[in-house]
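Worksheet: the structure to be examined is printed underneath.
Residue numbers (this note's numbering): 2 to 176.
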């Protein structure tokens, strides 16, 4: 089926950010970390991200994905890979309900979203795309208290140069 070969139809439901075409073959190896600045209209939320390889003809092939329930965003710093500048290269979430962090509607929340590890080569002319979704229907849905507390209320990705979102992509040097 088309949905397994091209993600463009699904990407229309989120915000997509597409990089410049690769000039040389670029090997990506490991988990991709996504740092988001968001806010919510409810006391919880559910976010998902997808990272895709976009061919010159526009076809978008998903490489990896990740998701987080906002209240379960606590990062286990000891279990995570942290770069020298303090940025998470591979955040590990504690995912413990007894350590849930409350969400105040309208206030900015920082999320570190891990993805499944990937091993891929971005060929010349191909681009990397990150898609951000408020939720993950039909692939996933926050369950129990998180679904109830999120109430499927609006969630927003903040686009603020003073508090930017970013992606850490693990590349392997050529040679």
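Idealized CB from N, CA, C, for every residue including glycine.
Computed from a prediction, not measured in an experiment: that's the story for all the values here.
State the beta-bridge partners of residue i as determined by DSSP.
| i | result |
| --- | --- |
| residue 156 | 41 |
| residue 110 | 39 |
| residue 68 | 49 |
| residue 91 | 82 |
| residue 187 | This structure does not reach residue 187, given that the chain is present from 2 up to 176, and the question cannot be answered. |
| residue 63 | 53 |
| residue 115 | 34 |
| residue 135 | 48 |
Note down the Cα distance separating residue i from residue j, rounded to an integer number of angstroms.
| i | j | result |
| --- | --- | --- |
| residue 43 | residue 109 | 12 Å |
| residue 79 | residue 91 | 11 Å |
| residue 57 | residue 160 | 27 Å |
| residue 170 | residue 154 | 31 Å |
| residue 40 | residue 156 | 6 Å |
| residue 100 | residue 107 | 21 Å |
So, with DSSP's three-state summary, where would you put residue i?
| i | result |
| --- | --- |
| residue 73 | helix |
| residue 105 | coil |
| residue 8 | coil |
| residue 177 | Past the edges of the chain, shown from 2 to 176, lies residue 177, and the structure says nothing about it. |
| residue 58 | coil |
Could you please give the first and the last residue of the uninterrupted beta strand (DSSP E) stretch that includes residue i?
| i | result |
| --- | --- |
| residue 16 | 16-19 |
### Query
If we count Cβ pairs, one from each stretch, closer than 8 Å, do we get three or more for the segment 32-52 versus the segment 161-174?
A contact exists between the segment 32-52 and the segment 161-174.
### Query
Do three or more CB pairs link the segment 110-118 to the segment 10-27 at distances below 8 Å?
no
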